[in-house]
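Below is one structure, written out as structure tokens; comments come after it.
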Amino acid sequence: MTASIVPGGSENDANATPAIGLQQQFSVTEVVEVKQTPPPLTDRQNQRVDDRQDQLMARDSVDGRPPPRHQRITEWKWLLIVAPVLAIACIALLITRGVRAPAIAFGVLFVGGYLLLGVWPVWRAGVLRGREEQEARKEAKGDVRAVDDGSHDRR
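So in numbering that gives the first Met the number 0, spot 26 of the sequence shown is number 25, and the numbers just go up one at a time.
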């Protein structure tokens with residue numbers, strides 16, 4: 000059994016024997032911190048952030064300057080188009096050669112597992128590179144906003 004202070008009562012009231020089965024309700028006021036989000040970047044600012052991010056990556060990254068964003072997007076689009084077409088063509092070729100469905104399924108699983116094992120080091124390096132790019136992007140945004148706000152604190 001616990002005693003508590005009755006709203007509007009004193010601390011001595013809390014030490015009194017509470018009534019059994021009586022529930023008291025209290026209101027709790029929460030303090031919520033409101034963070035202001037900066038306004039979105041303009042197209043011109045985005046271009047400056049991209050340029051600054053490339054400079055930071057060239058300076059700080061062990062892999063050096065990344066390829067341009069447009070080139071990376073184009074390469075991903077080609078991969079997303081070519082890989083499924085190639086997979087479907089291989090499966091269609093196997094079916095026309097008389098290979099049965101269970102053998103094709105086993106082959107797909109085997110080749111997929113083999114590719115995953117082979118891709119793992121490159122995938123891990125890509126994840127690390129992504130973190131570097133995010134940190135550089137964050138720093139570049141801060142640099143561009145600082146220059147635009149008038150505090151020319153460039154490194």
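Cβ coordinates follow ideal geometry from the N, Cα and C atoms, glycine included. Source: prediction; values computed, not measured.
Three CB pairs or more closer than 8 angstroms across the stretch 117 to 132 and the stretch 31 to 47: no
Inter-stretch contact at 8 angstroms, needing at least 3 Cβ pairs: the stretch 44 to 53 / the stretch 137 to 145: yes
Where Val48 sits in the DSSP three-state scheme: Residue state, collapsed to three classes: helix.
Contacting residues, own chain, Cβ-Cβ under 7 angstroms from Arg161 (five flanking each side not counted): The question about residue 161 has no answer here: the residues shown for the chain are numbered 0 through 154.
Inter-residue spacing [alpha-carbon to alpha-carbon] between Leu116 and Ile103: 20 angstroms
Spatial distance of Leu79 from Gly111 (CA atoms): 16 angstroms
Supposed contact pair Gln70 and Arg158 - C-beta distance, whole angstroms, cut 8 angstroms: With the chain represented from 0 up to 154, any question about residue 158 goes unanswered, as that position is not in the structure.
Chain-order list of residues whose beta-carbon lies under 8 angstroms from that of Leu55 (same chain, five-residue window excluded): Ala135, Glu138 and Ala139
Option nearest Pro66 by Cα separation, candidates Phe109, Leu40 and Glu132: Glu132
Beta-carbon spacing of Arg130, Asp62 below 8 angstroms: no
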